[in-house]
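Trainee:
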Amino acid sequence: VYPEVFDDILDCISDSPIFKNNSNNHQLPIALQLAIFLSHAGHYGNAIANEYVCQWAGISVRLVTNCTNCVMIALLERHDNFSFFPSLNSTNAAHAREYVSKICPQWRNGIFATDGSMINLCNKPELYGDTFSTKNPTTPSIARYVLFFS
Numbered sequence: 004v005y006p007e008v009f010d011d012i013l014d015c016i017s018d019s020p021i022f023k024n025n026s027n028n029h030q031l032p033i034a035l036q037l038a039i040f041l042s043h044a045g046h047y048g049n050a051i052a053n054e055y056v057c058q059w060a061g062i063s064v065r066l067v068t069n070c071t072n073c074v075m076i077a078l079l080e081r082h083d084n085f086s087f088f089p090s091l092n093s094t095n096a097a098h099a100r101e102y103v104s105k106i107c108p109q110w111r112n113g114i115f116a117t118d119g120s121m122i123n124l125c126n127k128p129e130l131y132g133d134t135f136s137t138k139n140p141t142t143p144s145i146a147r148y149v150l151f152f153s
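In structure tokens, the structure reads:
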């Protein structure tokens, strides 16, 4: 992720109680825990194994699991702060519906959303594969979501 995005996520999760304890054993800095989580979440295949992440981070396998779990809990606690759905009558929703109708007519009653996250896929999806991948086959797919409203 971009440094600005990393800093924004760090600011949002830093005050989570999951990062506090009453022990003499201090936790790793929250920034390091977030970096471990993002490294873990940003890979697929063999690279996602805890052993590979622990070698990258220089920590134990169990600590990789603990850091990943703590950051996931902190993110889920603030789910509503990270997720935004425009009201159906807003100009944002109108732009989203217009864009979706151009990209994939089957999604015409939905709102298309993307956060710009690139996701590495080992294979191009069979269904609507061209809409999920870029022109360069080695470039990862962009995260896309379609929300349908009645």
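For my numbering, count along the sequence shown from 1 and bump the result up by 3. Each residue gets a CB set at the ideal place from its N, CA and C atoms; glycine is no exception. These numbers were taken from a predicted model, which means no experiment stands behind them.
#1: Under a Cβ-count criterion, where at least 16 other Cβ atoms within 10 Å of its own Cβ denotes burial, should GLY51 be classed as buried or exposed?
#2: For VAL74, which residues of its own chain have a beta-carbon under 6 Å away from its beta-carbon, when the five flanking residues on both sides are left out?
#3: Just to confirm, is the Cβ distance from HIS98 to THR71 under 7 Å?
#4: What residue range does the alpha helix (DSSP H) around ASN3 cover?
#5: Whose C-alpha, out of LEU79, THR68, LYS105 and ILE62, is nearest the C-alpha of SER156?
#6: By how many angstroms is the C-alpha of ILE33 removed from the C-alpha of ASP14?
#7: Can you tell me which of the three DSSP states LYS23 falls into?
Mentor: Straight from the coordinates:
#1: The sequence shown places Ile at residue 51, not Gly. It counts as exposed.
#2: GLN36, LEU37 and PHE40
#3: no
#4: The requested residue 3 does not occur in the structure, where the chain is confined to residues 4 to 153.
#5: This structure gives no information on residue 156, because the portion of the chain shown stretches from 4 to 153.
#6: 10 Å
#7: coil
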